[in-house]
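Student: Shown below is the structure under consideration.
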Amino acid sequence: MLGCPNYQLLSLVLILLLTTVDPSSQESRVKSAVFLSPAFVLEPGSVSNKFYYNISFPKGHIAIKNFDAEVVDEGGNPVPLYETYLHHWIVVRYYHRKGVEVTKFHDDLGFHQSDFIVKRNSGICDRGLPQYFGLGSETRKTITYVPDPYGIEIGNPVEVPPGYEEKWLLNIHAIDTRGAEDRLGCTECRCDLYNVTKDEHDRVIEPDYIGGLRCCYDETRCRVKDGFQGSKRSLYLKYTVKYIDWDPSIVPVKIYILDITDTWKKPEKSTAAVARHHCQIEYLVESCSSAVANVDCTHTKKIIVTFPSGGDVIYGVAHQHTGGTGMALHGEDGRVICSSLPIYGEGKEPGNEAGYIVGMSTCYPRPGSIKISEGETVTLLSNYSNAQRHTGVMGLFYLLVAEPSPKPNSILHSTDETGEIVILQNAIGALAAVFGIALLVGAAVIYQRRNQRDQEGYESILM
Ligand SMILES: *[C@@H]1O[C@H](CO)[C@@H](O)[C@H](O)[C@H]1NC(C)=O
Ligand SMILES: *[C@@H]1O[C@H](CO)[C@@H](O)[C@H](O)[C@H]1NC(C)=O
Ligand SMILES: *[C@@H]1O[C@H](CO)[C@@H](O)[C@H](O)[C@H]1NC(C)=O
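Every letter in the sequence shown is one number past the one before it in my numbering, and letter 358, counting from 1, is 343.
Shown next as structure tokens:
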């Protein structure tokens, strides 16, 4: 920062805005909103994979702290996975041109019309996986809480392009497996059970594509036992969003989603064209009887990618399908950044359905204790049991990372032995309110672990 002409002014502003935030103070400000998606109608064997635009969502400049969901019926009762398998739901942020009608889009997320701009998460796939939130069968028992003082910042008016508004879309993919001849086969979208030879876009499905999303698109039907009767019913995704109004003490986190099927390869020459993160999203796990030399019947898939930008890991969770036995993300030095294991249900009640992944364990590193450095080479591992074949499986890793601010007038510095975190961040809103104009000036926030308060002051701020 030396040599910055605004240094003195900035220092003054920083001193004025230095605030000690007690983590508990965020709790009392948390608001909660419960919404229902539009109804989707299912009958035994049927699939619904729809995209709902302009869904109900909390308004204003806020920080999301929690995003929970579950499938319920018309009476609001939770529906178990063995009746309605929740393959996935994703929530995508987008900017919509004001005054333009939302026509009924029904396709995947590949569209790019000028009236509609997807605001993707921070990476790392080139296409696909743009979501801010999203899970599958594990929805009910996966913790999504973003710890204080962090939050997922949304609704900041200065980020929205002029003439547009921020909106949210929801994609829900659900499969009704009541009376299914082969429940697991239906949830794994095995093409033979869906009796499809062409995908949604009328492209012929190659014979070596045994199962996956290309075979269980919207309005397809999985084979049901002869004579099975089951009612047609309307279902909803009920989602609960917890949030707090934005203020400069909240530290924004970036969302990254790594995909085990990413074909990225480190360019051999530094002059080579930038390698693409081509994410396939799904893969096939062959059974160990047909795989070579896999004695314990564990299928391990591994990729190595460089992480685009660094920061403190605040939260991590994996997404796997039935058969999954865990994922881990390792740093360049081999340290475990986060490992996330499936929780399998053992009973009948919703949230504990036997044989299904009903939750994934999550990582909450002590803030500052687990960092990824910019450009660090990380290794992602996804394990599945291959005692039997699994089609259309996934291995995603969702990370929340608090990054140093890109603005030249602010920095993020964190950790010392006492676990203190000192954070400088941009405070656009607060200063705009003070000066009446939108100044980009750094504001500083000191977050101290409650029990370590008063041990050290502001001296670890580095300018
Ligand atoms: C979005 O939905 C709200 C009601 O939830 C409605 O008032 C508004 O007109 C919709 N916007 C667009 C662009 O369709
Ligand atoms: C499968 O599809 C073919 C043609 O697409 C149709 O003739 C056949 O009856 C279907 N089989 C079943 C069991 O639905
Ligand atoms: C994945 O499997 C490998 C080989 O069996 C094992 O060494 C590793 O610990 C497993 N990792 C996770 C996260 O389950």
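Think of the CB as a built atom: it goes at the ideal place given N, C-alpha and C, for glycine as much as any other residue.
Using C-beta distances below 8 Å, list every residue in its chain close to D203, excluding the 5 sequence neighbours before and after it, in chain order.
Tutor: Taking the sequence shown and counting its residues from 1, the one referred to as residue 203 is at position 218. Only V32, S33, N34, K35, H91 and E185 meet the Cβ criterion.
Student: Check each candidate in E173, S354 and Y221 and name the one with the smallest Cα separation from E59.
Tutor: Numbered from its first residue, the sequence shown carries residue 59 at position 74. Measuring from the Cα of E59, the nearest candidate turns out to be Y221.
Student: Taking the beta strand (DSSP E) that G377 belongs to, which residues open and close that run?
Tutor: Here residue 377 refers to the residue found at position 392 when the sequence shown is read from its first residue. Segment H375 to V378, the beta strand (DSSP E) holding G377.
Student: Since I40 and P134 are thought to touch, with beta carbons under 8 Å apart, how far apart are those beta carbons, to the nearest angstrom?
Tutor: Position 55 of the sequence shown, counting from 1, holds the residue named residue 40. Position 149 of the sequence shown, counting from 1, holds the residue named residue 134. Their Cβ separation, rounded to whole angstroms, is 28 Å, which puts I40 and P134 out of contact at 8 Å.
Student: Going by the C-beta, is H81 closer than 8 Å to any heavy atom of ligand 1?
Tutor: For the purposes of this step, residue 81 is identified with residue 96 of the sequence shown, where counting begins at 1. Correct: H81 has its Cβ closer than 8 Å to ligand 1.
Student: When you compare only the Cα positions, how much space is there between T291 and G340?
Tutor: For the purposes of this step, residue 291 is taken as residue 306 along the sequence shown, with counting starting at 1. For the purposes of this step, residue 340 is taken as residue 355 along the sequence shown, with counting starting at 1. Rounded to whole angstroms, T291 to G340 spans 35 Å at the Cα level.
Student: Once the 5 residues before and after I242 are set aside, which same chain residues still bring their CB inside 8 Å of it?
Tutor: Your numbering for residue 242 matches position 257 in the sequence shown. Taken in chain order, the residues that qualify are N106, G108, I109, C110, L114, Q116, L381, F382, Y383 and L384.
Student: May I ask which residues mark the beginning and end of the beta strand (DSSP E) holding Y37?
Tutor: Start at 1 with the first residue of the sequence shown, and residue 37 comes out as number 52. Here the beta strand (DSSP E) through Y37 covers V32 to Y37.
Student: Given C348, which residues of its chain have a CB within under 6 Å of its CB, disregarding the five upstream and five downstream residues?
Tutor: On the sequence shown, residue 348 is found 363 positions in, with the first residue counted as 1. Once the five neighbours on either side are set aside, the close Cβ partners of C348 are G301 and C323.
Student: Alpha carbon to alpha carbon, how far is P352 from K50?
Tutor: Position 367 of the sequence shown holds residue 352. Position 65 of the sequence shown holds residue 50. Each residue's alpha carbon lies about 16 Å from the other.
Student: Could you work out which residue in D232, H158, L198 and A159 is closest to D177 when comparing CA atoms only?
Tutor: Along the sequence shown, one-based indexing puts residue 177 at 192. Among D232, H158, L198 and A159, the Cα nearest to that of D177 belongs to L198.
Student: By a C-beta neighbour count over all protein chains shown, 10 Å radius and 16 as the cutoff for buried, is T246 buried or exposed?
Tutor: On the sequence shown, position 261 is the one that residue 246 refers to. Counting Cβ neighbours within 10 Å, T246 comes out buried, since at least 16 surround it.
Student: Would you check whether ligand 1 has a heavy atom nearer than 8 Å to the C-beta of V85?
Tutor: Reading the sequence shown from its first residue, position 100 is the one you call residue 85. Yes, the beta carbon of V85 sits closer than 8 Å to at least one heavy atom of ligand 1.
Student: Classify I160: buried if its beta carbon has 16 or more other beta carbons within 10 angstroms, exposed otherwise.
Tutor: By one-based count along the sequence shown, residue 160 stands at place 175. Classification of I160: buried, given that the 10 Å Cβ count is 16 or more.
Student: May I ask whether a heavy atom of ligand 3 can be found less than 8 Å away from the beta carbon of D111?
Tutor: Reading the sequence shown from its first residue, position 126 is the one you call residue 111. For ligand 3, not one heavy atom lies less than 8 Å from the Cβ of D111.
Student: Is the CB-CB distance between P237 and E138 below 9 Å?
Tutor: For this step, residue 237 is matched to residue 252 along the sequence shown. For this step, residue 138 is matched to residue 153 along the sequence shown. Yes, they are a contact pair.
Student: Could you work out which residue in I102, T124 and V298 is closest to I328 when comparing CA atoms only?
Tutor: Here residue 328 refers to the residue found at position 343 when the sequence shown is read from its first residue. Answer by Cα proximity: T124.
Student: Pull up the distance between the alpha-carbon of R82 and that of E151, whole angstroms please.
Tutor: Walking along the sequence shown from the start, residue 82 turns up at place 97. Walking along the sequence shown from the start, residue 151 turns up at place 166. If I take the Cα positions, the gap works out to 9 Å.
Student: Assuming H73 and G121 make a contact with CB atoms under 8 Å, what is their CB distance in whole Å?
Tutor: Within the sequence shown, residue 73 is the residue found at index 88, counting from 1. Within the sequence shown, residue 121 is the residue found at index 136, counting from 1. Right, the Cβ-Cβ distance comes to about 4 Å (below 8 Å), so this counts as a contact.
Student: Helix, strand or coil: how does DSSP classify V343 here?
Tutor: Locating residue 343 in the sequence shown gives position 358, where the first residue counts as 1. Correct three-state label for V343: strand.
Student: If you draw a straight line from the alpha carbon of G119 to that of V76, how long is it in whole angstroms?
Tutor: As a position in the sequence shown, residue 119 is number 134, starting the count at 1. As a position in the sequence shown, residue 76 is number 91, starting the count at 1. Each residue's alpha carbon lies about 6 Å from the other.
Student: Quick one: Cα of Y369 to Cα of G84, how far?
Tutor: Residue mapping note: residue 369 aligns to position 384 of the sequence shown, counting from 1. Residue mapping note: residue 84 aligns to position 99 of the sequence shown, counting from 1. Spanning the two alpha carbons is a distance of roughly 48 Å.
Student: With hydrogens ignored, establish whether the beta-carbon of S41 is closer than 8 Å to any heavy atom of ligand 1.
Tutor: By one-based count along the sequence shown, residue 41 stands at place 56. At least one heavy atom of ligand 1 is nearer than 8 Å to the Cβ of S41, so yes.
Student: Report the rounded CA-to-CA distance for S367 versus K286, giving the unit in angstroms.
Tutor: Indexing the sequence shown from 1 puts residue 367 at position 382. Indexing the sequence shown from 1 puts residue 286 at position 301. In a straight line, the C-alpha of S367 is about 5 Å away from that of K286.
Student: Shorter than 8 Å, the distance from the beta carbon of M312 to the closest heavy atom of ligand 3, or not?
Tutor: On the sequence shown, position 327 is the one that residue 312 refers to. Indeed, a heavy atom of ligand 3 lies less than 8 Å from the Cβ.
Student: Would you say the beta carbon of S324 comes nearer than 8 Å to a heavy atom of ligand 3?
Tutor: As a position in the sequence shown, residue 324 is number 339, starting the count at 1. Yes.
Student: Where does D297 land, buried or exposed, given buried means 16+ other C-beta within 10 angstroms?
Tutor: As a working note, residue 297 is residue 312 in the sequence shown. D297 comes out buried.
Student: Can you give me the start and stop residues for the beta strand (DSSP E) that Y349 sits inside?
Tutor: The sequence position of residue 349 within the sequence shown is 364, counting from 1. Per DSSP, Y349 belongs to no beta strand (DSSP E) and is neither H nor E.
Student: When you measure from the CB of T291 to every non-hydrogen atom of ligand 2, does any distance come out below 8 Å?
Tutor: Taking the sequence shown and counting its residues from 1, the one referred to as residue 291 is at position 306. No, since every heavy atom of ligand 2 falls outside the 8 Å radius drawn around the Cβ of T291.
Student: Buried or exposed: which applies to E173, given that a residue is buried once 16 or more other Cβ atoms fall within 10 Å of its Cβ?
Tutor: Reading the sequence shown from its first residue, position 188 is the one you call residue 173. The residue is buried, with at least 16 neighbouring Cβ atoms inside 10 Å.
Student: Does the distance between the C-beta of K44 and the nearest non-hydrogen atom of ligand 1 fall short of 8 Å?
Tutor: Here residue 44 is taken as the residue at index 59 of the sequence shown, counted from 1. For ligand 1, not one heavy atom lies less than 8 Å from the Cβ of K44.
Student: Is K104 near ligand 1 - that is, is its Cβ less than 8 Å away from at least one heavy atom of it?
Tutor: Looking up residue 104 in the sequence shown gives position 119. False, no ligand heavy atom lies under 8 Å from that Cβ.
Student: With respect to the beta strand (DSSP E) encompassing C323, which residues constitute its N-terminal and C-terminal limits?
Tutor: For the purposes of this step, residue 323 is taken as the residue at position 338 of the sequence shown. Per DSSP, C323 belongs to the beta strand (DSSP E) from V321 to S325.
Student: Just to confirm the assignment, what range does the beta strand (DSSP E) spanning K301 have?
Tutor: Residue 301 sits at position 316 when you count from the first residue of the sequence shown. With the sequence shown as reference, residue 301 is identified as Gly, and Lys is not the correct amino acid for it. Where G301 is concerned, the enclosing beta strand (DSSP E) stretches over G296 to Q305.
Student: Heavy atom of ligand 2 less than 8 Å from the Cβ of T449, yes or no?
Tutor: Residue coverage of the chain in this structure runs from -14 to 448, which leaves residue 449 outside it and unanswerable.
Student: Spatial neighbours of L205 within its chain, please: CB distance less than 7 Å, with the 5 preceding and 5 following residues excluded, ordered by chain position.
Tutor: Within the sequence shown, numbered from 1, the residue matching residue 205 stands at position 220. It should be pointed out that residue 205 corresponds to Thr in this sequence rather than to Leu. The residues are V32, Y179 and V181.
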